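Asks: The structure follows.
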Amino acid sequence: TYDAICLFVNDKADENVLRILSLLGVKMVAMRCAGYDRVDTKAALAYGMTVARVPAYSPYAVAEHAIALLMSVNRKIHIASTRVKMANFTLDTGLLGIDIHGKTVGVMGTGKIGQILCSILAGFGAKIICYDVYESDEVKKVGGVYMSKDEIFAQADIIFLMMPLLPPTRHTINHDVLQKLKRGVIIVNTARGGLIDTKALLSGLQSGVIGGCGLDVYENEAEYFFQDWSARNVEDPDLVSLLGNNKVVLTAHQAFFTKEAIDKIVSTTLENIKDWESGKSGPNHPNTCTPLPK
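Letter by letter, the sequence shown follows residues 6 to 299 of our numbering.
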């Protein structure tokens with residue numbers, strides 16, 4: 006038996022899983038990621054299990070990847086690269102992008118990653134508008150202006166989703182929101198797939214309300230991401246639609262995947278386990294996961 010178990014972002018640890026682990030003698034769950042929305046923390050508490058995470062590894066990695074997705078979608082890098090590899094060097098409107106300079110960019114979620122993203126966007130000369138329940142002075146220093154979600158939906162040429170997945174944030178982009186968006190908006194999500202209702206996204210892409218989308222996450226990714234499906238049929242029709250849409254650039258939850266981030270994830274995870282072993286962990290430990298709000 007083991008005293009502790011280490012899980013990753015898409016591993017499921019619901020009440021049933023935690024009950025079995027508890028019966029096997031597991032007393033500590035070490036998440037090697039920041040998010041823990043797939044862990045039933047209330048059940049863990051009931052079973053006397055400590056759950057710890059890596060709250061910050063390299064926020065620069067995720068923010069930079071979000072920008073990479075934006076630039077790929079906007080400047081049609083994925084399409085252009087495929088064409089050039091086929092020796093097609095022509096230019097047409099299918100490759101036409103827009104300047105980021107002067108555009109209105111909405112950042113929804115201004116934690117550490119969102120703050121860094123705003124700093125990068127300021128370098129582009131974009132007008133930055135933000136939404137978060139907690140306003141950041143760092144964001145305001147680079148010109149970010151806070152406003153309501155609906156104001157962002159109405160004004161933004163580009164929207165970045167940088168929020169945690171909680172019941173109030175699930176399906177932030179949905180069918181009702183499509184009626185509020187500025188036509189042709191580009192949406193980028195490197196946070197959690199559940200922030201977007203995929204069927205609404207596909208509808209928005211088809212109608213032209215959404216001009217393009219950069220995704221590093223997908224709401225039903227757990228069955229597919231971090232696995233090689235190249236020799237099998239992907240049976241999820243919504244995922245198939247995303248994969249076949251030239252307006253979409255999709256990566257498989259790799260935004261965090263830099264050397265610096267991996268080094269930090271490994272060291273912090275090991276420190277969390279050592280702190281638990283030595284009795285230093287607990288509800289007041291900065292890396293301890295507490296039950297998520299309803």
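Backbone N, C-alpha and C fix where the C-beta goes; we use that ideal spot for every residue, glycine too. Fair warning: this is a prediction, and the values are worked out from it, not measured in the lab.
With distances taken between CB atoms, is the gap from residue 34 to residue 56 smaller than 7 angstroms?
Replies: Closer than 7 angstroms, so yes.
Asks: Of the residues 223, 230, 233 and 190, which one's Cα is nearest the Cα of residue 214?
Replies: Ranking the options by Cα distance to residue 214, first place goes to 190.
Asks: Going by DSSP, what residue range makes up the beta strand (DSSP E) through residue 123?
Replies: From DSSP, residue 123 is part of no beta strand (DSSP E) but of the alpha helix (DSSP H) over 117 to 129.
Asks: To the nearest angstrom, how far is the alpha carbon of residue 183 from that of residue 210?
Replies: Roughly 10 angstroms separates the two Cα atoms.
Asks: Just to confirm my understanding: we take residue 1, look at its own chain, exclude 5 residues before and 5 after, and list those with CB closer than 6 angstroms. What are they?
Replies: Since the first residue shown for the chain is 6 and the last is 299, residue 1 is missing from the structure and cannot be characterised.
Asks: When burial is assigned at 16 or more other CB atoms within 10 Å of the CB, is residue 186 buried or exposed?
Replies: Residue 186 should be labelled buried.
Asks: Hey, out of 62, 164, 53 and 293, whose CA is closest to residue 79's CA?
Replies: Among 62, 164, 53 and 293, the Cα nearest to that of residue 79 is on 164.
Asks: Quick one: measure Cβ to Cβ for residue 152 and residue 134, integer angstroms, because I've assumed they're closer than 8 angstroms.
Replies: With 8 angstroms as the limit, residue 152 and residue 134 qualify as a contact, their Cβ atoms being about 6 angstroms apart.
Asks: Any chance you could list the beta strand (DSSP E) runs of at least 3 consecutive residues sitting entirely within the segment 189 to 269, in chain order?
Replies: You should have 190 to 194, 215 to 220 and 253 to 255.
Asks: Taking the continuous beta strand (DSSP E) assigned at residue 92, which residues delimit it?
Replies: Looking at the DSSP string, residue 92 is not in any beta strand (DSSP E), and its letter there is neither H nor E.
Asks: Taking its Cβ as the centre, do 16 or more other Cβ atoms sit within 10 Å of residue 86, making it buried, or is it exposed?
Replies: Under this definition residue 86 is an exposed residue.
Asks: Let me check understanding here. Comparing Cα to Cα, which of 54, 205, 58 and 69 lies closest to residue 25?
Replies: That would be 54, whose Cα lies nearest to the Cα of residue 25.
Asks: Take residue 202 as the anchor and find which of 180, 263, 261 and 192 has the nearest alpha-carbon.
Replies: That would be 180, whose Cα lies nearest to the Cα of residue 202.
Asks: With a threshold of 7 angstroms on Cβ separation, who are the neighbours of residue 3 within its own chain once the five nearest residues in sequence on each side are excluded?
Replies: Residue 3 is absent from the model: the chain starts at 6 and stops at 299.
Asks: Keeping to the same chain, check which residues put their C-beta closer than 7 angstroms to that of residue 219; ignore five residues upstream and five downstream.
Replies: Same-chain partners within the cutoff: 74, 75, 77, 78, 193 and 254.
Asks: What three-state label does DSSP hand residue 6 in the structure shown?
Replies: Reduced to three states, the DSSP call for residue 6 is coil.
Asks: Note down the Cα distance separating residue 173 from residue 200, rounded to an integer number of angstroms.
Replies: Approximately 10 angstroms between the Cα atoms of the pair.
Asks: Do you know offhand how far residue 157's Cα is from residue 178's?
Replies: Whole-angstrom Cα-Cα distance: 12 angstroms.
Asks: Might you give, ordered along the chain, the residues of its own chain that have their beta carbon closer than 8 angstroms to the beta carbon of residue 122, omitting 5 neighbours on each side?
Replies: Closer than 8 angstroms at Cβ, skipping near neighbours: 68, 71, 72, 112, 165 and 167.
Asks: Count the other C-beta atoms from every protein chain shown that fall within 10 angstroms of the C-beta of residue 37, then say buried if there are 16 or more, exposed otherwise.
Replies: Buried: at least 16 other Cβ atoms inside 10 Å.
Asks: Classify residue 177 as helix, strand or coil using the three-state DSSP reduction.
Replies: Looking at residue 177 - three-state DSSP - the assignment turns out to be coil, as it is neither helix nor strand.
Asks: Which word fits residue 94, buried or exposed, when buried means at least 16 other C-beta atoms lie within 10 angstroms of its C-beta?
Replies: Per the 10 Å Cβ criterion, exposed.
Asks: How many whole angstroms separate the CB atoms of residue 147 and residue 131, which I take to be in contact at a CB cut-off of 8 angstroms?
Replies: About 10 angstroms separates the two Cβ atoms, so there is no contact after all.
Asks: May I ask you to report which of helix, strand or coil DSSP gives residue 36?
Replies: Looking at residue 36 - three-state DSSP - the assignment turns out to be strand.
Asks: So what's residue 167 in DSSP terms, helix, strand or just coil?
Replies: Of the three classes helix, strand and coil, the one that applies to residue 167 here is coil, per DSSP.
Asks: Considering residue 65, what are the terminal residues of the alpha helix (DSSP H) in which it resides?
Replies: Residue 65 -> alpha helix (DSSP H) spans 64 to 79.
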